[in-house]
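A.B. asks: Structure in structure tokens, see below.
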Amino acid sequence: MFVLNKPKASLKEIIIKSVWYGFIAGMISGMVKIGWENIFPPRIIARNLINPPQHMAMQLGIPKKLVESYFYYSQDQKVFWFTLILHFSFAIAFSVLYVFVSQYWSKIALWQGAAYGIVLWIVWHVILMPAFGTVPAPWHQPFDEHFSEFWGHIVWAWSIAATVYYLIAKDKKGHLENI
Numbered sequence: 001m002f003v004l005n006k007p008k009a010s011l012k013e014i015i016i017k018s019v020w021y022g023f024i025a026g027m028i029s030g031m032v033k034i035g036w037e038n039i040f041p042p043r044i045i046a047r048n049l050i051n052p053p054q055h056m057a058m059q060l061g062i063p064k065k066l067v068e069s070y071f072y073y074s075q076d077q078k079v080f081w082f083t084l085i086l087h088f089s090f091a092i093a094f095s096v097l098y099v100f101v102s103q104y105w106s107k108i109a110l111w112q113g114a115a116y117g118i119v120l121w122i123v124w125h126v127i128l129m130p131a132f133g134t135v136p137a138p139w140h141q142p143f144d145e146h147f148s149e150f151w152g153h154i155v156w157a158w159s160i161a162a163t164v165y166y167l168i169a170k171d172k173k174g175h176l177e178n179i
């Protein structure tokens with residue numbers, strides 16, 4: 001299960017392409033996750049006034065005024081720019097990690113990335129955020145939230161895997177292994 005592969009690509013190529021492909025996959029998957037949450041909102045409006053990323057940022061000492069910063073788009077639509085930066089930073093960071101780790105451990109792509117999404121959901125939504133008091137304990141969260149976040153992480157991680165698979169396949173001069 002935890003057998004590591006010796007990659008064909010150099011460490012330099014793996015790092016550079018992990019960052020580049022991870023950035024692209026992170027931006028695309030970040031949009032996928034936002035779209036998913038518009039279809040299946042994970043929290044009721046009252047619990048989403050300060051969403052978990054905003055709450056965690058404030059727990060880390062970032063001022064509430066900055067965390068809740070926004071601008072207006074299309075006259076009356078508030079766009080919370082700081083929250084978007086958090087959202088896409090998370091997506092990019094875990095996409096970069098996915099590309100990098102995939103070159104050494106192909107099992108990260110189990111079920112076309114779905115297992116990666118499930119693991120990240122468990123780590124963040126079931127263990128870490130409840131442990132830090134960012135969200136209620138899992139048994140105090142409504143089913144709707146678990147449903148949205150569980151399936152949302154699967155769709156999000158699948159979009160990372162699909163994007164990375166495509167980018168590696170189209171790179172004729174590269175040496176990254178496609179999984």
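UniProt numbering applies: residue 1 is where the sequence shown begins, and numbers increase by one. Don't be surprised by glycine CBs; every beta carbon is placed ideally from N, CA and C. All values derive from a computational prediction rather than experimental measurement.
Using the rule of at least 16 other Cβ atoms within 10 Å of the residue's Cβ for burial, across every protein chain shown, is Gln75 buried or exposed?
C.D. replies: Gln75 is exposed by the Cβ-count criterion.
A.B. asks: In or out: Ala161 buried (at least 16 other Cβ within 10 Å) or exposed?
C.D. replies: By the 10 Å Cβ count, Ala161 comes out buried.
A.B. asks: For the beta strand (DSSP E) containing Lys78, list its first residue and its last residue.
C.D. replies: Where Lys78 is concerned, the enclosing beta strand (DSSP E) stretches over 77-79.
A.B. asks: Grouping DSSP H, G and I as helix and E and B as strand, with all else coil, what is Tyr72?
C.D. replies: In the structure shown, Tyr72 sits in a strand (DSSP, three-state: E or B).
A.B. asks: Tell me the rounded alpha-carbon separation between Phe2 and Val79.
C.D. replies: Looking at the two C-alpha atoms, the distance is approximately 42 Å.
A.B. asks: Quick one: is Pro52 buried, meaning 16 or more other Cβ sit within 10 Å of its Cβ, or exposed?
C.D. replies: Burial call: buried.
A.B. asks: Is the region 138-148 touching the region 166-176 in the sense that three or more CB pairs, one from each, lie closer than 8 Å?
C.D. replies: No, they do not touch.
A.B. asks: How is Asn51 classed by DSSP in three states: helix, strand or coil?
C.D. replies: Correct three-state label for Asn51: coil.
A.B. asks: Given a cut-off of 8 Å on the beta-carbon distance, is the pair Ser159 and Ile24 in contact?
C.D. replies: Not a contact, by the Cβ cut-off of 8 Å.
A.B. asks: How big is the Cα-Cα spacing for Ser95 and Leu11?
C.D. replies: Spanning the two alpha carbons is a distance of roughly 17 Å.
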